[in-house]
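Undergrad:
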Amino acid sequence: MIAPEGLLSENGSHGFSRRAFVKALVGSSALSVVAFNRLNAAVYESLASLNKQYPQDPSPDGAYWDAVRQHYIFEDGLIMMNNGTVGPMPEPVFNTLVDAFKVQCTSPCDVYGVLPGRREEVRPKLAAFINASPDEVVLTRNTTEGMNFVANGLDLGPGDEVVMSSMEHPAGIHPWRLKAKRYGITVTDVPIGLPPQSVEEITDAFERAITPRTKVISISHTVYISGLIAPIKELSEIAHQRGIVLLADSAHGIGMLNLDMKELGADFFTSSPYKWLGAPVGCGLLYVSEEVQDRLWPTIASSGWDTDETARRFETLGQRADPIVIALGEAIDFQNLIGKERIERRIQTLASHLKTELDGIRGVHLHTSHDPYLSGGLTAFSVDGVQPERIVDYLREKYNIVIRTIGSEEAGTRGVRVSTHIFVSLEHVDMVLEGVKYLADHA
Ligand SMILES: Cc1ncc(COP(=O)(O)O)c(C=O)c1O
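Per the working numbering, the very first residue in the sequence shown carries number 3; after that it's consecutive.
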């Protein structure tokens, strides 16, 4: 497929220029579905030809990733190194989102006639992306909803206990606190290190905390405070040996890690694809393993909650924003073309460079493990004598780099957090290091 006229970049490559792209969007009311498809095809053609050129590359910091970066429509010069809350969307996802939303304006009857069918095409795609069955996939609106669906939907009562880590996100804490208040369950925190030194340090702590009353382990897979990637596989094994179910909060996981539900073994797994996968805000994943589906009540009930024999019965939401889910499908296509392994490897390369160099700066305390099994694209750290806000402000003012503060003084977790996704270069990471070194030297 040929790129639409006027959308080739100035150097004539298939990556079209930001100026041409913006021009096309401004005129988007006149832009037909065909034109949107052609825009996306041009991006995919560019990626496919790069893949041919670099079939086995061990993630070089050159043409491949520079070209990938061009497919994100950042404000000029903005360097996004925070994928928390929300991350950016690649162009094809934005195009598909706009295209699908236009249906409501131009042909509203297709909102209930055509869009639900296109939404259902996303379910098997998402299932394949995480190695699950489509019948185990619940299309939620975010991780918070998924966590609540599980906490609310399990039959638990006085005396039953939920064990979680000391570093859970509010979306992982409050559903259980509500359950405790309403149904009299007990919630127990297990302290985990900053960072833990080994998988066993974590698994031993959970084994010690589990009692005969424990019914659920609820734990962050991607710990937002410290960047830890928790050993879900090992914890699931421990849980299952004792008849306990495990709920993993992997808000950051999809799009950052090469996820495999069968390998991880969690019973329930939630994620927000608009952080690292490049999907629009408003779509979420809840995986419910076939083995435990009969133990979970739906939280929302409309037709199908009592008749559907698959995980679809947990999402009888009524009318919903299908364009967002359809754009999620595009986000999966975009990452699939690059390759999940290649993405995870690249993210690890960038994070590992950041951590190794941070270790060499006097006064820096790394809160994230060096072990690639226990870490991913989130790196957290603190600097002696430098307030986290100062680091955030300095990097934004000097380099236009966005990072965030994280943690709390009382818990001893206060610091900053940096995300290293595929649109970040080693040069960007070096800018962070230069800034941190300057601040540490002048503390
Ligand atoms: C570990 C973790 N869990 C849950 C959430 C909540 O995610 P959402 O607002 O997408 O539901 C976040 C948000 O960053 C998070 O980091």
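C-beta: ideal position from N, C-alpha, C; glycine also.
1) Alpha carbon to alpha carbon, what distance is there between residue 370 and residue 82?
2) Roughly how many angstroms lie between the CA atoms of residue 159 and residue 187, to the nearest whole one?
3) Can you tell me whether residue 2 is helix, strand or coil according to DSSP?
4) Specify, as a first and last residue, the run of the alpha helix (DSSP H) that residue 331 falls within.
5) Can you tell me which of 181, 125, 102 puts its alpha carbon nearest to the alpha carbon of residue 164?
6) Do you know how far the Cα of residue 47 is from the Cα of residue 65?
7) Using only alpha-carbon positions, find the residue among 381, 281, 431, 429 that is nearest to residue 419.
8) Going along the chain, which unbroken runs of the beta strand (DSSP E) with 3 or more residues stay wholly within the region 354-379?
9) Below 8 angstroms, how does it come out for the region 273-288 and the region 297-308: are there three or more Cβ pairs, yes or no?
10) Should residue 407 be counted as a contact of ligand 1 given a C-beta to heavy atom distance under 7 angstroms?
11) DSSP state of residue 81, grouped into three classes?
12) Quick one: is the Cβ of residue 437 within less than 7 angstroms of any heavy atom of ligand 1?
13) Buried or exposed: residue 58, going by 16 or more other Cβ atoms within 10 Å of its Cβ?
14) Let me check understanding here. Comparing Cα to Cα, which of 95, 434, 274, 139 lies closest to residue 355?
15) Sort 262, 309, 307, 318 by Cα distance to residue 291 and report the nearest one.
16) Spatial neighbours of residue 323 within its chain, please: CB distance less than 7 angstroms, with the 5 preceding and 5 following residues excluded, ordered by chain position.
17) Using C-beta distances below 6 angstroms, list every residue in its chain close to residue 378, excluding the 5 sequence neighbours before and after it, in chain order.
18) Can you tell me where the alpha helix (DSSP H) holding residue 319 begins and where it ends?
19) Give a yes or no on whether the C-beta atoms belonging to residue 233 and residue 256 are separated by under 8 angstroms.
20) What number of angstroms, rounded off, separates the C-alpha of residue 132 from the C-alpha of residue 444?
21) For residue 166, which residues does DSSP report across the bridge?
22) Take residue 150 and list the residues in its own chain whose beta-carbon comes closer than 6 angstroms to its own, dropping the five residues that flank it on each side.
23) Within the present structure, is the beta-carbon of residue 144 separated from the nearest heavy atom of ligand 1 by less than 7 angstroms?
24) Output the boundary residues of the alpha helix (DSSP H) element that contains residue 175.
25) Does the beta-carbon of residue 173, which I'm using as the reference point, lie nearer than 7 angstroms to any heavy atom of ligand 1?
26) For residue 97 and residue 107, what's the separation of their Cα atoms in angstroms?
27) Helix or strand or just coil, what does DSSP make of residue 136?
28) What is the residue span of the beta strand (DSSP E) that residue 270 lies within?
29) Residue 251: beta carbon under 7 angstroms from a heavy atom of ligand 1?
TA: By the coordinates alone:
1) 20 angstroms
2) 5 angstroms
3) For residue 2 there is no data in the structure shown, the boundaries of the chain being 3 and 445.
4) 324-340
5) 181
6) 15 angstroms
7) 381
8) 366-368
9) no
10) no
11) strand
12) no
13) exposed
14) 434
15) 262
16) 284
17) 231, 258, 259
18) No alpha helix (DSSP H) holds residue 319; DSSP gives it neither H nor E.
19) no
20) 46 angstroms
21) 191, 220
22) 177
23) yes
24) 172-185
25) yes
26) 16 angstroms
27) helix
28) 270-273
29) yes
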